[in-house]
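Colleague:
Protein chains in written order, with UniProt numbering: chain A, 1 to 548; chain B, 1 to 112.
#1: Taking 6 Å as the limit between beta carbons, can you name the residues of its chain near residue 73 of chain A, skipping five residues before and five after?
#2: Starting from residue 21 of chain B, find everything on chain A with Cβ-Cβ shorter than 7 Å and list it in chain order.
#3: Anything in the segment 296-310 of chain A with a Cβ closer than 9 Å to a Cβ of chain B? List those residues in chain order, please.
#4: For residue 556 of chain A and residue 31 of chain A, what's the separation of their Cα atoms in angstroms?
#5: Going by C-alpha to C-alpha distance, which of A/526, A/521, A/528, A/517 sits closest to residue 95 of chain A?
#6: Do residue 351 of chain A and residue 174 of chain A come within 8 Å of each other at the CB atom, strictly closer than that value?
#7: Across the segment 299-312 of chain A and the segment 240-254 of chain A, are there enough close Cβ pairs to call them in contact, namely three or more that are closer than 8 Å?
#8: Taking residue 320 of chain A as the reference, give the member of A/361, A/345, A/376, A/258 with the closest Cα.
#9: Check the C-beta distance from residue 457 of chain A over to residue 493 of chain A and give it rounded, since I have them as a contact under 8 Å.
#10: For the alpha helix (DSSP H) holding residue 527 of chain A, just list the boundary residues, first then last.
#11: Apart from the five residues just before and just after residue 111 of chain A, which ones in its own chain have a Cβ nearer than 7 Å to its Cβ?
#12: Return the Cβ separation of residue 194 of chain A and residue 29 of chain A in integer angstroms, given the expectation that the two are a contact with Cβ distance under 8 Å.
#13: CB residue 387 of chain A to CB residue 41 of chain A, shorter than 8 Å?
#14: Below 8 Å, can you find three or more Cβ-Cβ pairs linking the segment 76-96 of chain B to the segment 280-290 of chain A?
#15: Excluding the five sequence neighbours on either side, which residues of its own chain have a C-beta within less than 6 Å of the C-beta of residue 271 of chain A, listed in chain order?
#16: Buried or exposed for residue 3 of chain B, please, with buried defined as at least 16 other CB atoms from any protein chain shown within 10 angstroms of its CB.
#17: Starting from residue 134 of chain A, follow its DSSP beta bridges and name the residues at the other end.
#18: Within the 8 Å Cβ cut-off, does residue 50 of chain B reach chain A?
#19: So if DSSP puts residue 516 of chain A in a beta bridge, which residue, or which two residues, is it bridged to?
#20: Take the Cβ of residue 232 of chain A as the centre, count every other Cβ of all protein chains shown within 10 Å, and call the residue buried at 16 or more, exposed below.
#21: Please name the residue in A/21, A/106, A/86 whose C-alpha comes closest to that of residue 377 of chain A.
#22: Can you confirm whether residue 103 of chain B, when its beta carbon is compared against all beta carbons of chain A, has any partner nearer than 8 Å?
#23: I'd like to know whether the C-beta atoms of residue 515 of chain A and residue 465 of chain A end up nearer to each other than 8 Å.
#24: Is the segment 90-106 of chain B close to the segment 27-38 of chain B, with three or more CB pairs under 8 Å?
#25: At the 8 Å Cβ level, is residue 47 of chain B part of the contact set with chain A, yes or no?
#26: Beta-carbon of residue 97 of chain A versus every beta-carbon of chain B: anything under 8 Å?
#27: So that I know if they touch, is there some Cβ in chain A lying closer than 8 Å to that of residue 112 of chain B?
#28: I'd like to know whether the C-beta of residue 100 of chain B is nearer than 8 Å to at least one C-beta of chain A.
#29: Taking its Cβ as the centre, do 16 or more other Cβ atoms sit within 10 Å of residue 11 of chain B, making it buried, or is it exposed?
Written out as structure tokens, the structure reads:
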């Protein structure tokens with residue numbers, strides 16, 4: 001199939017055979033919440049839609065393994081105003097209230113649709129549906145079913161490795177490998193939605209090892225830029241031995257040292273950095289001993305997977321202490337991602353749209369973690385809009401023939417350097433992004449040192465000889481994590497203040513003059529520039545807060 | 001990490017092969033139809049427990065240890081009643097369907 005009409009001219013094309021060569025109006029990359037909402041929206045708008053997932057649509061990503069609360073607020077003006085105001089200061093006054101209104105409306109509609117589709121929302125004692133959370137396996141099994149019913153072609157275990165672009169630079173498809181069937185795949189499409197999630201650097205945070213920033217790298221290679229990448233240092237509490245990074249129930253935890261002494265100020269909310277400081281030198285233990293006993297049954301029913309590790313090793317987390325750790329969730333629970341240029345969730349590159357954690361969530365979160373609730377609402381909303389936007393773009397584009405070329409670089413290019421060792425590169429990137437003293441507590445010295453090392457790694461990766469087909473997925477994952485780390489730290493270096501989740505030890509205060517957003521992009525040379533934040537909804541209040 | 005597939009419980013349906021997001025399993029080759037798949041790439045397991053959730057035969061066991069293999073024996077898993085325990089908790093087993101709508105998160109969240 002490599003010699004099909006219009007096949008890419010890049011010589012590296014010969015390293016992949018296209019065993020599955022499809023045509024589509026819209027190609028969605030990623031089958032988590034954002035990707036499934038996007039695919040349904042695109043197909044419903046009449047677009048021939050293909051969804052390619054690195055793993056399996058229905059189990060891939062942070063949501064399926066976990067479940068989330070939802071930013072679901074009744075359309076009552078007072079409740080909506082309170083929901084928006086609750087995040088204003090936390091987010092560093094960077095959110096956009098127009099986007100928040102749209103997302104609250106869209107999420108309300110989407111959750112209503114889930115109920116209509118049969119999602120088994122619980123009822124309270126008054127017999128009312130309660131729609132403020134979804135269980136991951138149930139939600140994503142339903143979404144897969146709806147994607148299929150919408151007529152979408154699903155390609156499971158088909159990670160994309162690179163985008164295809166036309167002569168004008170517009171995105172026109174993607175190519176990747178088939179993990180289970182072997183060989184390669186390519187989909188020519190009139191528009192592509194990147195819904196590949198954030199980047200958690202293979203930290204084994206729950207469900208997050210699928211999420212290595214692949215879509216960010218592919219989009220950047222096609223010319224897209226990003227925003228908010230300084231807000232990328234989310235760490236979640238987990239049992240030290242385990243993967244379950246669900247933090248809601250830790251609001252009822254006490255945190256202690258090995259000798260049992262309570263750690264002053266340590267808390268899941270507002271005291272997680274205290275935990276990180278102690279963890280740097282000694283173990284920290286938790287026990288959910290601040291919960292009312294009658295709540296414990298509700299906790300089990302709310303988060304069955306939270307209790308899996310404890311039940312399996314014979315720990316009663318309400319009465320027994322257990323060691324905890326902080327696992328990096330990077331941009332998954334952070335807010336940075338691809339920059340959107342309009343309300344259709346288009347990126348700066350024609351034909352390329354972004355949704356979910358792959359896109360910046362600053363419009364509704366500002367600079368503070370979206371956690372489950374906001375990110376879930378964002379996935380539903382941005383997915384829907386990106387799918388519609390991509391379908392509209394495809395319709396407007398028409399059926400003219402386009403010559404395509406492959407846009408992939410690092411690991412796929414024609415360099416002569418040593419081929420990338422995916423395992424070694426992954427470990428080298430992790431060594432820069434996992435440590436609390438570099439990423440959680442940031443300083444100019446720490447960031448600059450890390451960037452020097454990361455830039456050197458990039459220089460090698462960019463000039464590397466192409467990887468073998470067997471190794472290409474791991475190589476591209478490593479390259480994507482490397483690129484993501486450089487965007488994170490270059491942005492973090494540029495923001496010489498502490499705002500949202502971004503903390504600088506050497507600039508501990510919020511600087512009113514830096515109430516702006518940071519655009520970051522580039523591969524060989526990473527560039528950062530400031531652009532204005534949205535107008536503040538309450539200028540008088542803002543001045544008062546900033547002056548305080 | 002995924003620890004074991006019980007050869008007596010497994011019917012060789014290969015659903016776990018299809019649904020594992022990390023592609024950890026490998027279906028048995030053609031001659032061994034009905035045989036259990038292999039845990040072919042154990043270190044790729046992300047300890048998400050979803051293979052257990054999707055196994056209709058309660059044949060898989062994922063230990064909560066994300067970094068190390070515990071080597072737990074099938075008999076110990078069975079004796080502790082752990083086969084199928086996650087499916088029961090989320091209401092995906094017969095006799096436990098009510099748990100699908102048992103989510104009490106709304107009681108744990110501060111009122112909006």
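In this text, a Cβ means the ideal position worked out from N, Cα and C, and glycines have one as well.
Keep in mind the model is a prediction, meaning the values are calculated, not measured.
Modeller: If we stick to the structure as given:
#1: Here residue 73 of chain A has 79, 80, 83, 104 as same chain residues with Cβ atoms under 6 Å from its own Cβ, once five neighbours each way along the sequence are excluded.
#2: Chain A residues near residue 21 of chain B: 55, 56, 59, 60, 210.
#3: Within the segment 296-310 of chain A, those residues whose Cβ lies closer than 9 Å to any Cβ of chain B are, in chain order, 297, 298, 299, 300, 301, 302, 303, 304, 305, 307, 308, 309, 310.
#4: The shown model of chain A, from 1 to 548, leaves out residue 556 of chain A, and the question about it has no answer.
#5: Relative to residue 95 of chain A, the option among A/526, A/521, A/528, A/517 whose CA is nearest is A/517.
#6: Their beta carbons are not under 8 Å apart, which means residue 174 of chain A does not touch residue 351 of chain A by this criterion.
#7: They touch, by the three-pair rule.
#8: Closest in C-alpha terms to residue 320 of chain A, from the list A/361, A/345, A/376, A/258, comes A/258.
#9: No, residue 457 of chain A and residue 493 of chain A are not in contact; Cβ-Cβ is about 17 Å, not under 8 Å.
#10: Where residue 527 of chain A is concerned, there is no enclosing alpha helix (DSSP H), although the beta strand (DSSP E) around it starts and stops at 527-532.
#11: The residues are 70, 72, 131.
#12: About 6 Å separates the CB atoms of residue 194 of chain A and residue 29 of chain A; that is less than 8 Å, so the two are in contact.
#13: Taking 8 Å as the cut-off, the beta carbon of residue 387 of chain A is found closer than this to the beta carbon of residue 41 of chain A.
#14: Contact between the segment 76-96 of chain B and the segment 280-290 of chain A is absent: fewer than three C-beta pairs spanning the two stretches fall below 8 Å.
#15: Taken in chain order, the residues that qualify are 265.
#16: Buried is the call here.
#17: Paired residue(s): A/68.
#18: At least one C-beta of chain A is nearer than 8 Å to the C-beta of residue 50 of chain B.
#19: Looking at the DSSP output, residue 516 of chain A sits in a beta bridge with A/532.
#20: The residue in question, residue 232 of chain A, is buried, as its Cβ has 16 or more Cβ neighbours within 10 Å.
#21: Its Cα nearest to that of residue 377 of chain A, the residue A/106 stands out among A/21, A/106, A/86.
#22: Judged by the 8 Å Cβ criterion, residue 103 of chain B is in contact with chain A.
#23: Residue 515 of chain A is not a Cβ neighbour of residue 465 of chain A, given a cutoff of 8 Å.
#24: The segment 90-106 of chain B is not in contact with the segment 27-38 of chain B.
#25: Yes, contact with chain A.
#26: Not one chain B Cβ lies under 8 Å of residue 97 of chain A.
#27: Because residue 112 of chain B carries a pLDDT of 36, less than 50, the predicted location of this residue cannot be relied on, and the following value inherits that uncertainty. Using beta-carbon distances, residue 112 of chain B counts as an interface residue toward chain A, with a partner under 8 Å.
#28: Chain A, which has a Cβ nearer than 8 Å to the Cβ of residue 100 of chain B, makes this yes.
#29: Result: exposed.
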